[in-house]
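> Handing you this structure, nothing more for now.
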Amino acid sequence: MLDIKLIRENPEKINELLKRRNSELSVDEVLEIDRQRRDIQGKADNLRAERKNISLQVGQLKKEGKDTTEIQDNVRKIGEEIKELEEKETDLNEKQKSLLLNLPNTPDETTPVGHDESANAVVKTVGDIPQKSFQPKSHWEIGLELDLLDFERGVKISESRFTIYKGKGAKLERAIINFFLDTHTLDHGYTEILPPYLVNSASMTGTGQLPKFKQDMYKCEEEDLYLIPTAEVPVTNIYANEILKEEDLPVYMAAYTPCFRREAGSAGKDTRGLIRQHQFNKVELVKLCMPEFSDEEHEKLTCNAERMLEMLGLPYRRIGLCTGDIGFSAQKCYDLEVWLPSSESYREISSCSNFGDYQARRAGIRYRSKISGKPEFVHTINGSGLAVGRTFAAILENFQTEDGSILIPKVLQKYFGAEIIRS
RNA sequence: GGAGAGGUGGCCGAGCGGCUUAAGGCGGCACCCUGCUAAGGUGUUAUGUGGGCAACUGCAUCGAGGGUUCGAAUCCCUCCCUCUCCGCCA
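Basically this note's numbering = 1-based index in the first sequence + 49.
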């Protein structure tokens, strides 16, 4: 959520920043509502003060045994006026809140300006693309041949975009999860979190999935609960509506969770394989920090995610997303893309974003500043470290041999318990 | 799911229609005193949202939302959550 005070003071600047995302966006309407709201609030405040004073007098007069029916009639009229104004106030408050909740974050000054992904910048490319002497197979072919994945029965027991991991496939998935979690907790200083996979609408609003992206999520019919689309939601909201101590910051958290997405707008896209599933595993990194450190922390978190790819020996590149391509709540975002030999292309395997105070303001995550003594909003940062299913696919494709076996990366061997999956 | 008891400031806890500007305590902070330490003294200590350059000041907030009343932390209704017992259950 954008700061209404900032909008009031600097509407042209905010409008300019929002236009970098999309020319339709503007703060003009919310500014007008805000003006009306403050006007009503002032009037209501004055009337409430008046009623309070007169009511106190009524108490006094009654004690003295005087008749107060006339005054009471007058105050009752004031009360009616107040009620009317309060209805308008509530209305305008909700309107303003809703407008603010539907405005995206403003992009960071360092975010490249552009309308779509064609304006994204390749920041760096790491690792050599393997030159194979044979035609590499897709991960779904390999997965079927080695009996690691069962797509058809996944569909049978659920629906399309649900897959069963089986035998060594299930174990490899689990090995990847454990490798990620151990490395982030032991080497990078994150605290492991195992959060709920169902969260309420307040949490979904806190991180920015609601109200705009309701159609992307699975919702429980009987309760105010949604299946998480990413661990970002439960983990960031752990400290919602709290005031942390400055010395508690930065908070580093790493969480493995399954993620659930309806993929509503993706019909026909990536229909084969593990790339786009309704349910997938992910290890997510989440940081809360003081505003002055968020750029630095964002870079560090991105490096923590990159290190997973480097340790696994997977070729990848880092993309700086442009203003038209960054997520709704983000002010700056890097995507990490892993090389997939079968399609001869890079595919997103991690998305590392700095949200500034946008999520913190929505979720009410603050810390007490030692300098001002006042509560200030933290900055939130998160990124995949990494998407597990896509890592699984990348390993199958990048480390396949000509005879159809899979060479397990060195760092995974102790988790997997073998060096190779033989055909 | 059934029955009962509760939800008050950072924490404990009083208040059950106007004397609350939420008592008192603990903790925190500042200062004072005591030749160290311990103890003691004084003051201060919420959040949000308006107005004002500022000092300052209005309003709101006692789990949430409605209602009754001139006036609600206090009375009524609905919901949420916590605890205890019973039932069910991995």
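Beta carbons: idealized from backbone N, C-alpha and C, even for Gly. Bear in mind the structure is a predicted one, so any value in this text is a computation, not a measurement.
1. Using 8 Å as the cut-off, can you tell me whether the region 310-327 makes contact with the region 247-254, which would need three or more C-beta pairs spanning the two stretches below that distance?
2. Is it true that the CB of serine 394 sits closer than 9 Å to the CB of serine 187?
3. Taking only runs that begin and end inside the region 417-445, name each unbroken beta strand (DSSP E) of 3 or more residues, in chain order.
4. Using beta-carbon positions only, say whether arginine 439 and glutamate 425 come within less than 9 Å of one another.
5. Just reading off the alpha helix (DSSP H) that valine 162 is part of, what are its end residues?
6. Taking three-plus beta-carbon pairs below 8 Å as touching, is the region 219-232 in contact with the region 280-297?
7. Give the DSSP-derived three-state secondary structure of alanine 304 in the structure shown.
8. From what residue to what residue does the beta strand (DSSP E) around alanine 313 run?
9. In terms of residues, what are the limits of the alpha helix (DSSP H) holding tyrosine 395?
10. What are the partner residues of isoleucine 414, as DSSP defines its beta bridges?
11. Compute the Euclidean distance between the alpha carbons of glutamate 346 and glycine 108, then round it to the nearest angstrom.
12. Check whether the Cβ atoms of phenylalanine 309 and isoleucine 277 sit closer than 9 Å, and answer yes or no.
13. What residue from Ile287, Ile368, Thr372 and Ser472 has the CA that sits closest to aspartate 384's CA?
14. Starting from tyrosine 365, trace the beta strand (DSSP E) in both directions and tell me its first and last residue.
15. Tell me where the alpha helix (DSSP H) around lysine 112 begins and ends.
16. Looking at C-beta atoms only, is the number of pairs between the region 57-74 and the region 355-369 that lie closer than 8 Å three or more?
17. Which two residues bound the contiguous beta strand (DSSP E) that contains phenylalanine 465?
18. Please go through the same chain and pick out, in chain order, the residues whose beta-carbon is closer than 8 Å to the beta-carbon of leucine 148, but skip the five residues on each side of it.
Let me spell this out:
1. Cβ pair count under 8 Å is below three, so no.
2. Along the first sequence, one-based indexing puts residue 187 at 138. Along the first sequence, one-based indexing puts residue 394 at 345. In terms of Cβ geometry, serine 187 and serine 394 do not form a close pair [threshold 9 Å].
3. Entirely contained in the region 417-445, the beta strand (DSSP E) runs reaching 3 residues are, in chain order, 424-426 and 428-436.
4. Here residue 439 corresponds to residue number 390 of the first sequence, with the count starting at 1. Here residue 425 corresponds to residue number 376 of the first sequence, with the count starting at 1. When the beta-carbon positions are compared, arginine 439 and glutamate 425 stay at least 9 Å from each other.
5. Within the first sequence, residue 162 is the residue found at index 113, counting from 1. Neither: valine 162 is in no alpha helix (DSSP H) and is coded neither H nor E.
6. Taking one beta carbon from each stretch, the region 219-232 and the region 280-297 have fewer than 3 pairs nearer than 8 Å; the two do not touch.
7. Counted from its first residue, the first sequence places residue 304 at position 255. In the structure shown, alanine 304 sits in a strand (DSSP, three-state: E or B).
8. If you number the first sequence from 1, residue 313 lands on position 264. Counting along the chain, alanine 313 falls outside any beta strand (DSSP E), and DSSP gives it neither H nor E.
9. As a working note, residue 395 is residue 346 in the first sequence. Tyrosine 395 -> not in any alpha helix (DSSP H); beta strand (DSSP E) instead, spanning 394-403.
10. Your numbering for residue 414 matches position 365 in the first sequence. Bridge partners of isoleucine 414: Glu291.
11. Mapped onto the first sequence, residue 346 falls at position 297. Mapped onto the first sequence, residue 108 falls at position 59. Approximately 59 Å between the Cα atoms of the pair.
12. Working through the first sequence from its first residue, we reach residue 309 at position 260. Working through the first sequence from its first residue, we reach residue 277 at position 228. Contact check for phenylalanine 309 against isoleucine 277 passes: the beta carbons are separated by less than 9 Å.
13. What you label residue 384 is simply residue 335 of the first sequence in a count that begins at 1. The shortest C-alpha to C-alpha distance from aspartate 384 to any of Ile287, Ile368, Thr372 and Ser472 is the one to Ile368.
14. Within the first sequence, the letter at position 316 stands for residue 365. 365-369 is the extent of the beta strand (DSSP E) around tyrosine 365.
15. In the first sequence, residue 112 corresponds to position 63, counting from 1. Where lysine 112 is concerned, the enclosing alpha helix (DSSP H) stretches over 77-112.
16. No: fewer than three Cβ pairs fall under 8 Å.
17. For the purposes of this step, residue 465 is identified with residue 416 of the first sequence, where counting begins at 1. Premise fails: phenylalanine 465 lies in the alpha helix (DSSP H), 459-465, not in any beta strand (DSSP E).
18. Position 99 of the first sequence holds residue 148. Glu78, Val79 and Ile82, listed in sequence order.
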